[in-house]
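Data first, discussion second: the structure below is written as structure tokens.
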Amino acid sequence: SGDLIFKQATVKGFWASVVNKEMPAARKKELIVELLTLATQKKLILPVEGVFSFDEIKTAAKRATQGARQGKVLLKP
3 SGDLIFKQAT VKGFWASVVN KEMPAARKKE LIVELLTLAT QKKLILPVEG VFSFDEIKTA
63 AKRATQGARQ GKVLLKP
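The sequence shown begins at 3 in the numbering used here and counts up one residue at a time.
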């Protein structure tokens, strides 16, 4: 966007599929165990913007594509 270009903002991230392909299975297992441990200790907080049923899929999709969300948009059966 214009802000990214003209304000010389920096965006950092990684391409998970590339990292996943190159990472050894033992390291993947270590990371999964670490994530699950943090989650069960309630130290891993993942913000949720909203939880929607499949009947609300249009609303969920609209919310997921809007800017200024404060978390993930989740679907539940």
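The C-beta atom is built at its ideal place from N, Cα and C for all residues, glycine as well.
ask   = Where DSSP assigns a beta bridge to Val2, which residues make up the other side?
value = Since the first and last residues shown for the chain are 3 and 79, residue 2 lies out of range.
query = For the candidate residues Arg29, Asn22 and Arg65, whose alpha-carbon lies nearest to that of Glu51?
reply = Sequence index remark: in the sequence shown, residue 51 carries index 49 (1-based). Put simply, of Arg29, Asn22 and Arg65 the residue whose alpha carbon is nearest the alpha carbon of Glu51 is Arg65.
key: Whether Pro49 touches Gly69 by CB criterion (7 Å)   = Here the question's residue 49 lines up with position 47 in the sequence shown. Here the question's residue 69 lines up with position 67 in the sequence shown. By the CB criterion at 7 Å, Pro49 and Gly69 fall outside the cutoff.
request  = Can you have a look at Ala63 and say buried or exposed, based on whether 16 or more other CB atoms are within 10 angstroms of its CB?
outcome  = Numbered from 1 along the sequence shown, position 61 holds the residue referred to as residue 63. Ala63 is classed as exposed because its beta carbon has fewer than 16 other beta carbons within 10 Å across all chains shown.
ask   = By Cβ distance, which residues of its chain are closer than 7 Å to Leu37, with the 5 residues on each side in sequence left out?
value = Counting from one through the sequence shown, the residue named residue 37 turns up at place 35. These residues qualify, in order along the chain: Leu46.
query = Alpha carbon to alpha carbon, how far is Ala41 from Met25?
reply = Start at 1 with the first residue of the sequence shown, and residue 41 comes out as number 39. Start at 1 with the first residue of the sequence shown, and residue 25 comes out as number 23. Distance between the alpha carbons of Ala41 and Met25 is about 22 Å.
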